[in-house]
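See structure below.
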Ligand SMILES: [Zn+2]
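Numbering (my numbering), first residue to last: 874 to 1070.
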C-alpha cells in the first residue's frame, strides 16, 4: 500500500490492483496506528484507545484521515463504495457509538462475505480462478435459481474452509487442496457475479 496509509485503499479499488500488489497489501496486514480521534461528550471527550484494535481483527485506522475503517470490507466490498457504509466510504468517527457500531457491522452479511474472501485470498490462485469463472457462460436467471445459487455459494464456502485446513497438510493432500480451492473459488466468484444482478 503506497504511503502505508489506508487512505490509499479508500481512493483505490483493491480488487482492481495488480495481483502482486494485492498480495503484499494482505501480507502487510491492517494498519492499526495511534489516532488523535475524539468525540465530544457532555463532560469532556471520548478518546480513541489503540486497545480497540484488539477487540476486532478487522478494525483499522488511517493516520491521514484520522478515521476508522473495516479492513475486510475496504478490500473486498467495492459495491458498498456507493452505499452509505462509513466503514468503507468515509470512515467511522463516532466514538460514543463505537462498541455498538462494531458489533452491528461485524454481524452484517456483507462484512462476513468480505471476511471470508480476505481469509481465502492468496490461498487460491485468484488469477486462475477468475479466468475459470469468466470461461463459464452467463445465463439469465429467475428468482428460484438465484436461491439455489445462494445455497451453492454457502456450500462452496464450507468446502473452501476444508481446503484451507488441508492446505496445512503435506504432499499430495496439500496439492489437491490448493487445486480444489482454486476451482471452488472460481465457482464462488462466478455465482456471486450472477447473483449481483
Ligand atoms: Zn466489514
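By construction, the Cβ of each residue, glycine as well, lies at the ideal position given by its N, Cα and C atoms.
Next on the checklist: Does residue 945 pass the burial test, meaning 16 or more other C-beta atoms within 10 Å, or should it be called exposed?
Outcome noted: Residue 945 sits buried, since 16 or more C-beta atoms from the chains shown fall within 10 Å of its C-beta.
Checklist entry - Cβ of residue 960 versus every heavy atom of ligand 1: is any distance shorter than 8 Å? => result Residue 960 has its CB nearer than 8 Å to a heavy atom of ligand 1.
Checklist entry - Just to confirm, are residue 960 and residue 971 a CB contact at a threshold of 9 Å? => result In this structure, residue 971 does not lie closer than 9 Å to residue 960 by Cβ.
Item to check | Within 9 Å, strictly: CB atoms of residue 942 and residue 882 | outcome: Cβ distance < 9 Å, so residue 942 and residue 882 count as in contact.
Checklist entry - Tell me the DSSP bridge mates of residue 934? => result For residue 934, which the question treats as bridged, DSSP gives the partners 941.
Checklist entry - What do you reckon, is the C-beta of residue 972 under 8 Å from a heavy atom of ligand 1? => result No, since every heavy atom of ligand 1 falls outside the 8 Å radius drawn around the Cβ of residue 972.
Next on the checklist: According to DSSP, is residue 1011 part of a helix, a strand, or is it coil?
Outcome noted: Reliability fails at residue 1011, whose pLDDT of 44 lies under 50, so the model's placement of it is uncertain and the value that follows must be treated cautiously. Of the three classes helix, strand and coil, the one that applies to residue 1011 here is coil, per DSSP.
Checklist entry - Any idea if residue 1013 is buried or exposed, counting beta-carbon neighbours within 10 angstroms, 16 or more meaning buried? => result For residue 1013, the predicted model reports a pLDDT of 44, less than 50, meaning its position is unreliable; a value from the coordinates is still stated below. Per the 10 Å Cβ criterion, exposed.
Checklist entry - Can you check whether the CB of residue 934 is closer than 9 Å to the CB of residue 904? => result Cβ distance < 9 Å, so residue 904 and residue 934 count as in contact.
Checklist entry - Is residue 1066 near ligand 1, in the sense that its beta carbon is under 8 Å from a heavy atom of that ligand? => result Taking 8 Å as the cut-off, the C-beta of residue 1066 does not count as close to any heavy atom of ligand 1.
Next on the checklist: Does the beta-carbon of residue 979, which I'm using as the reference point, lie nearer than 8 Å to any heavy atom of ligand 1?
Outcome noted: The answer is yes for residue 979.
Next on the checklist: Going by the DSSP bridge assignment, what does residue 919 pair with across the sheet?
Outcome noted: Residue pairing from DSSP places residue 919 in a beta bridge opposite 912.
Checklist entry - In whole angstroms, what is the alpha-carbon distance linking residue 969 and residue 1030? => result Cα to Cα, the separation comes out at about 35 Å.
Item to check | For residue 1064 and residue 1055, the rounded distance between their alpha carbons | outcome: Their backbone Cα atoms lie some 14 Å apart in a straight line.
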